[in-house]
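Okay, so here's the structure we're looking at.
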Amino acid sequence: MAPNIVFISYSSRDRQEAFAIKQLLEANQTKVWLDFFDIRTTVELRQELAARIRQANLFCLLLSPNAVASPWVHQEIETALAAAKDGLRILPIILRPCSIPAELDNIVGFDASDGLEHEAVRLRLVRAVCGEDTVKDQVLLDSAQRLLLANKEIRLRAEAELPSIADKIAPLAARPFRKVSLTIHPETLPENPNIILELRLVLDTLFHGAMSFFIAQYREGLTWPAEFDFKEPDFTEFFLTDRPRIDVQFKWFDRTIPLHPQIDGTDLKTLPAIFTLEFDGAEFKPRGDLNLPQVFEVPSLETLAKQNSHFELIAHDPSAKSASYVPAETDIEIDLVGEVEQQGLHLYRSRTTPVQRIVLGSDYLRGVPNAIRGEAILQRYLGSPPMIDRRAEIAAALEKSEFQSEEERRLAARFRFSAAVLARFRTLHRDAYKMFQEAAELLQPLVLERKPVLEDASLMYRSCRALVDIWLRQESFQQASQLANTLGAVAQGIKDSDPTNADYRRMWADTLLVNAQIHAKLANLASAATELAEHVKTLQQLHAELPTPARRMAMLQALTNAIQCATEWKIVDDVPVDEWKATLKAEVGESVTEQLTRPHSPEELPAWLQKSDPAGWPTQLVESDTLRYSLRIPKRWNPEPEMRGTAREIEHVYRGPRDNEWLSITFMDKANAESDMKNWVDTFISISGFPVVTGLKPPPELGRWNYLGRQPALAKKLHADEAHTYIGTARYSGAQAPTLGRLYIVMARRRNFAWKFALCFETACPDGTPEDRIAKQDHVRAGAILGSLRLDQAASSQATGN
118 MAPNIVFISY SSRDRQEAFA IKQLLEANQT KVWLDFFDIR TTVELRQELA
168 ARIRQANLFC LLLSPNAVAS PWVHQEIETA LAAAKDGLRI LPIILRPCSI
218 PAELDNIVGF DASDGLEHEA VRLRLVRAVC GEDTVKDQVL LDSAQRLLLA
268 NKEIRLRAEA ELPSIADKIA PLAARPFRKV SLTIHPETLP ENPNIILELR
318 LVLDTLFHGA MSFFIAQYRE GLTWPAEFDF KEPDFTEFFL TDRPRIDVQF
368 KWFDRTIPLH PQIDGTDLKT LPAIFTLEFD GAEFKPRGDL NLPQVFEVPS
418 LETLAKQNSH FELIAHDPSA KSASYVPAET DIEIDLVGEV EQQGLHLYRS
468 RTTPVQRIVL GSDYLRGVPN AIRGEAILQR YLGSPPMIDR RAEIAAALEK
518 SEFQSEEERR LAARFRFSAA VLARFRTLHR DAYKMFQEAA ELLQPLVLER
568 KPVLEDASLM YRSCRALVDI WLRQESFQQA SQLANTLGAV AQGIKDSDPT
618 NADYRRMWAD TLLVNAQIHA KLANLASAAT ELAEHVKTLQ QLHAELPTPA
668 RRMAMLQALT NAIQCATEWK IVDDVPVDEW KATLKAEVGE SVTEQLTRPH
718 SPEELPAWLQ KSDPAGWPTQ LVESDTLRYS LRIPKRWNPE PEMRGTAREI
768 EHVYRGPRDN EWLSITFMDK ANAESDMKNW VDTFISISGF PVVTGLKPPP
818 ELGRWNYLGR QPALAKKLHA DEAHTYIGTA RYSGAQAPTL GRLYIVMARR
868 RNFAWKFALC FETACPDGTP EDRIAKQDHV RAGAILGSLR LDQAASSQAT
918 GN
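The numbering of the sequence shown is the working numbering, which starts it at 118 and goes up by one.
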């Protein structure tokens, strides 16, 4: 007899299989309770799960390595075993090979490891759950026989085709790999955030050692324990960005290189985190008398096979001071692909599918002597699995305003947010406003009606913040004030949901500053003073709790900005300016404090826009009639620009001898005078994480970043209607040792003409360096270039005097 109610217990990482079983059983007139759909957010989770289990007739436990490691699943097992004394039937369903919990000894389970996509597996599962009468024996036997025949056919086809696949990759197998891509599915990483994974490529046991990719889940200040000797990532790399909260470091001998992810926040395909690393193929001598010279590349497949190279996946637990090999039956999903002649060859895959296991059992692959070469043949034969594109599904849900799950609602919000960013870039302000508003409304039940996850809270805050910014950029302060109240309520709710979360407190600090600026514009100086002081206090408290360089820099910027704002708004007597200055002096010295906090005249240009001629930095004139500019670049740079273009823009790029030396000039001749020019930079950052397209692989990563506002003096000098400036740093990785670049951006508009100048060169001044040192070493070099800037060819003769 079919059970009245089936309770499905599963790890959240097996959600896809749980949904498939729910749909299968409901199609056979069985009521299924699944927490993702049915749990009420207004009741305590633990009590709700226990009550639902006791109400069920059958407890289906989905088993996998993930589930076995989940404390929630173990708790549900205990509850189910207690309820079994009152008649609850328990059915373990094995999704993938794993260590069966000891509590389930003597309980008969169901093996679904061949995959739920097979008809025979589904029929046997329905029969096991719903009873003998639901599936006819003849149908069941026929489908089981078809499964055996299908698996045999897969194996026989592979036996016939694998030799030709091996022949096709043979020419590539002799070439070393100069680029690799590490693909990580974040949702499959260990639930214990302390665990650090190491994917180790053991080249040999004597001469070449092992290349290692270390993978850690980002936790501010705690990502890398001291024994790993890796640089702790700054919170600025993750705060209010789409970057996956994972940090990856490559290490081989004494070479350590941080890897940076590709970011795509514009699509609704199921995209993992992808980290790339390029090798230069140069010879180097590692430190140590016994170390032999090495070539910085991944050896060819042939060499890897000759050296009997192999991969190991190791889980380090620093808190327990232990390390262990991850077993072959794992749910952790990590791939490493090498690139040769722009073709990818799989080198490693941590998790195998049922079809892959069938093909791996073929005689041909069992005869391949090296597992890495066998992996390359296998994956080339099977091809990459298609990405799940959910745009049509999400569009339909938005049209109906009906969402089948929280995940669907979350994806709908992401879809609206990405569309809003694009609309804002295209100056469709009304459309952007509407879609940012819809994104925030979609996220409201996930953020304000419960304790939110960080990704939801961050996206809702960004959506609300964008609404305020749209009014601010139009200088509509009254409307901005109304929305800022909403932003404040959102930030307050997020912060109160977890007062210990540093990112939530930073959102609150950002809100305070926004409100202070708006209230100052509306002459509500009492509120402005209160909010400005609370903004500074929040960032000071964060620094006191964890004095990292990034938190120190955020505190110093807050102090500097607050002192300047207090002077400009004439509220010096209402805020602790003397105390702020004393803190600054203790951190950076008196002379730097005076320089940082000195009010600047609107007619005064920043130092890096003032003409200069530093020693050792000779320049030459470059100019363009088409893009209507002239300026000087270093003589050692190539004076012939690379040219790129789209229907909207034309770009010139001048490059120096190093990757971190370049000048990008972008020109539009149909700019919208009503548009906010900041969108030209902000959109690039939202989509790619960097303010301009550099054409470099891997691309640089944005470090410290400041918008310096409108520059009336620069607009006057350039005969422009408006001008804006930014300054920051850029981190470069890749084949060479990591370097830091000083980044400057100037944007100007004259009627419907618009220019964006982005300058970068290598700097020896890391974030936190005193401003006077940066001015002496970097700003003078920038001034030799940007200080000579003129718009329109007719003015170019004025630049020749430098």
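Idealized CB from N, CA, C, for every residue including glycine.
Predicted model, so just to flag it, every value in this text is computed and none were measured.
If you ignore the 5 residues before and after P403, its C-beta comes within less than 7 Å of the C-beta of F370, D371 and Q411, all in its own chain and listed in chain order.
A237 and N268 have their C-alpha atoms some 12 Å from each other. In this structure A633 is in contact with L649, their Cβ atoms being roughly 4 Å apart against a cut-off of 8 Å. Annotated three-state conformation of V689 is helix, per DSSP. Burial is judged here by how many other beta carbons sit within 10 angstroms of a residue's own beta carbon; Y442 has fewer than 16 and is exposed.
When secondary structure is reduced to three states using DSSP, C877 falls in the strand class.
Assignment of V705 by DSSP, reduced to helix, strand and coil, places it in the helix class. For the 8 Å CB-CB criterion, F294 and V485 do not form a contact. In the three-state reduction of the DSSP assignment, V631 falls in the helix class, which pools H, G and I. Per DSSP, Q379 lies in no alpha helix (DSSP H); the unbroken beta strand (DSSP E) holding it starts and ends at R372 to Q379. Rounded to whole angstroms, the separation of the alpha carbons of L318 and L430 is 9 Å.
With respect to the 8 Å criterion, E337 and F324 are not classified as neighbours on the basis of their beta carbons. Nearest C-alpha to R775 among I210, C247 and R753: R753. V297 sits close to L394, with the two beta carbons spaced by under 8 Å. Fully enclosed beta strand (DSSP E) runs of no fewer than 3 residues occupy 451–457 and 460–466 of the segment 441–481, in order along the chain. With a beta-carbon spacing of about 16 Å, I611 and A583 fall beyond the 8 Å limit used to define contacts. Judged by DSSP in its simplified three-state form, C882 adopts coil rather than helix or strand. Inclusion of S128 and S187 in the CB contact set at 8 Å is warranted, their separation being smaller than that value.
Per DSSP, reduced to three states, the secondary structure at V863 is strand. Nearest to P569 by C-alpha distance, out of R761, A608 and E270, is A608.
Using a Cβ-Cβ distance cut-off of 8 Å, the segment 297–306 and the segment 417–431 are not in contact, since fewer than three pairs of beta carbons, one from each stretch, lie closer than that value.
For W588, the enclosing alpha helix (DSSP H) starts and ends at L571 to R590.
By the beta-carbon neighbour count (other beta carbons within 10 angstroms, threshold 16), E193 is buried.
R821 sits in a strand when the DSSP states are folded into three classes. Cβ-Cβ separation between V739 and L748: approximately 7 Å, consistent with a contact (criterion under 8 Å). Of the residues E516, V472 and A509, the one whose Cα lies closest to the Cα of L495 is V472. For R772, there is no enclosing alpha helix (DSSP H); the enclosing beta strand (DSSP E) has its first and last residue at I767 to R772.
By the Cβ test, the segment 863–871 is in contact with the segment 777–794, since at least three Cβ pairs between them sit closer than 8 Å. Across the set D695, W734, L545 and A847, the C-alpha of W734 shows the shortest separation from the C-alpha of K893. As DSSP reads the structure, I210 sits in a beta bridge with L179 and F227.
Assigned with DSSP and collapsed to three states, Q424 falls in coil, not helix or strand.
Boundaries cannot be given for L744, as no alpha helix (DSSP H) includes it and DSSP labels it neither H nor E. For H841, the enclosing beta strand (DSSP E) starts and ends at E839 to Y849. Per DSSP, the unbroken beta strand (DSSP E) holding I122 starts and ends at I122 to S126. Contact between the segment 680–690 and the segment 655–672 is not established, with fewer than three Cβ pairs separated by less than 8 Å. CA-CA distance, V863 to G826, rounds to 11 Å.
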